[in-house]
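Undergrad:
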Amino acid sequence: MLRPAGPARITACYAVDDVVGIRCPFGDARITEAGNLLARYVIHAVGPIYDKFADPKAVLESAYQRSLDLALANHCQSVALPAISCGVYGYPPQEAAEVAMAVCQRPEYAALDMRFYLFSEEMLSIWQHALTQH
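Take 199 as the starting number for the sequence shown in our numbering and just add one per residue.
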């Protein structure tokens, strides 16, 4: 995503304040300009490495919540969300989908038009099933 966004977006990422060398801790999110992407902002969320946290669900909930809070605080009307932590971080997709749906369907986020950007048909099927359960 960095290359299509252009150099301004890369610069924006490095401009995010860090705390002890960490720009965005697990369970948190940061917002930057989108550069050349067809969006105003990019929200960077860091979910848990599934087998490295005692309570990965709480960390994943926080990552989604912080992302949506940033979207609202920056007057976004819509947001595209990935399956946070379901790739190399090893979060089981079924569990992650349940967490995502639970957070995204909270009343405080009802004004946001939310779309999930999922990387496979299998992941789409899992998310659709989770949506029917909520």
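Here a beta-carbon is modelled for each residue, glycine too, at the ideal position from N, C-alpha and C. It should be emphasised that the depicted structure is a prediction, and the values quoted were computed from it without experimental measurement.
With three or more beta-carbon pairs closer than 8 Å as the criterion, would you say the region 266-278 touches the region 290-297?
TA: The count of Cβ pairs closer than 8 Å, one atom from the region 266-278 and one from the region 290-297, stays below three, leaving the stretches out of contact.
Undergrad: Between the C-alpha atoms of residue 327 and residue 288, what's the straight-line distance to the nearest angstrom?
TA: 20 Å
Undergrad: Looking at the unbroken beta strand (DSSP E) that takes in residue 276, where does it start and where does it end?
TA: 276-279
Undergrad: Of the choices 236, 233, 301, 235, whose alpha-carbon is the least far from that of residue 261?
TA: 301
Undergrad: Quick one: using the 10 Å Cβ neighbour count with 16 as the cut-off for buried, is residue 286 buried or exposed?
TA: exposed
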